[in-house]
Amino acid sequence: MTGRVWVFGDGLTTDDMYPPDAMKLDLPEAAKQVFYAVRPGWTEEVRPGDVVVAGRNFGLGSSRPVAALFNHLGVAALIAEEFNSLFFRNAVNAGLPAMTVPGATSRFTDGDIAALHLATGRWRNLTTDAGGTVPVLPDLVLQIIASGGVLPRLAEQGYLPAELADVLRSPAATAAGQGSGA
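Just add 1404 to wherever you are in the sequence shown, counting from 1, and you've got the numbering used here.
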C-alpha cells in the first residue's frame, strides 16, 4: 500500500485521537474530532489512502475504538516508532494495517509518500528513497488485517454468518464491536 504521510509525535493518547466528548457522537461526527487537540483541522485535510506516522508509545490509554475512526476517515495504514500494545491490537482487530518502524518520525515528513508491504516487512519513503525492513507480523495477524478485521475473518471462517462479512468490515460495526456504542 502507498499513501501520503501525516507525521505526529510521541505519546499520542487515545484521548488525543478520540476525545471523551466525541464518544457521545455518531461515528461520522466523532471522526471529525480525531487529533483535534493536537492538530485542529486535520480531519478536513486527510484523504482516503493517507498514512499516519507517529513516534513512541502511539495509542497510550484506553481501549477506545480509534481504529474505526481512522477507517472512517479512509486512513490506509499506521506507522509508528512504537505502538501501545492494546492500541496495536485494536488496529489489527479493525483491519487497519500497522507497522513499527524505528525512527519513523525522522524518516518521514508531512506530504511524503510512504509504501508499506506488511507481508515482507518492507517500508519505503518514496519521496526520499529511504527504506528498510522490519520483522514480519505473525501470519494470523496478517490474515486478520487482510480480511478487514477480526469479525470479517470470523465470518469468512464460518463462525459468523458469511453474508455479514462485508457489513462487519464497516467502521460502524468495528466501533460497536469494540464497545464504543457508536
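We put the beta carbon where it would ideally sit given N, CA and C, even for glycine.
Since the model is a prediction, treat every value here as computed from it, not as a measurement.
Exclusion of the five residues before and after proline 1539 leaves Gly1525 as the residues of its chain whose Cβ lies within less than 7 Å of its Cβ. Distance check between alanine 1481 and each of Ala1566, Ala1498, Leu1490 and Asp1414 places Ala1498 closest, using alpha-carbon atoms only.
About 7 Å separates the CB atoms of alanine 1441 and proline 1423; that is less than 8 Å, so the two are in contact. Closest by C-alpha distance to glutamine 1547, out of Ala1434, Glu1567, Phe1474 and Pro1501, is Pro1501. The Cβ atoms of threonine 1578 and glycine 1553 sit closer than 8 Å to each other. Glycine 1463 counts as buried, since no fewer than 16 other beta carbons sit within 10 angstroms of its beta carbon. In this model, serine 1551 and serine 1574 are separated by some 12 Å (Cα to Cα). In the structure shown, asparagine 1529 adopts extended strand secondary structure according to DSSP, grouped into three states.
Annotation for valine 1571: the continuous alpha helix (DSSP H) segment containing it runs 1569-1572. In this structure, aspartate 1516 sits away from threonine 1504, with a CB-CB distance that is not shorter than 8 Å. Relative to proline 1506, the option among Leu1477, Val1457 and Phe1474 whose CA is nearest is Val1457. Residue pairing by DSSP places histidine 1521 opposite Arg1526 in a beta bridge. The shortest CA-to-CA distance from valine 1409 to any of Ile1483, Val1438 and Asp1419 is the one to Ile1483. Look at valine 1411 here: in three-state DSSP terms it is strand. Counting of Cβ neighbours within 10 angstroms places glycine 1407 among the buried residues, the total reaching 16 or more.
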